[in-house]
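Notes follow once the structure below has been shown.
Residue numbers (this note's numbering): 63 to 220.
The following block contains the structure:
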């Protein structure tokens, strides 16, 4: 929550300093990115909490997260190989992929990048909007990870 508030304050301050517009409706456009940022952080940290409780050591939890990312990447490659047409719909339900889908890479939204891309003949038209289904998927994974963490703690009876 503190990180989200910090990003909001810095964005508003920099927006007012470097923007020609100072109307509140223009300043608060695309505010859904902050919600997606918050949901992404909560989901990622709940995943880290679950792995930390599961393996009982923080360094091993980070290693387990890297192994999980590699396994998701391997499964992604296998799905692209076998089911090329349906793979994006299947992959959006994987935990790390769902978190990554909340905020697509933002750099191609910048006008300077679009200008350079047009000069070299590339079209960078992407959908950067935050999808409600992606938020729901991450919130579901967050609930699963928190519940599993609770079950592990209850089972170990610390």
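C-beta atoms are modelled at their ideal positions from N, C-alpha and C, and glycine is treated no differently.
Test item: CB-CB of residue i and residue j under 8 Å
i           : j           : result
residue 204 : residue 108 : yes
residue 112 : residue 198 : no
residue 110 : residue 127 : yes
residue 93  : residue 69  : no
residue 116 : residue 213 : no
residue 200 : residue 161 : yes
Buried or exposed (CB count within 10 angstroms, at least 16 for buried), residue i
i           : result
residue 159 : buried
residue 157 : buried
residue 196 : buried
residue 74  : exposed
residue 144 : exposed
residue 192 : buried
residue 102 : buried
| task | With a floor of 4 residues, list each alpha helix (DSSP H) that falls wholly inside the segment 93-151, ordered by position along the chain. | result | 94-117, 120-144
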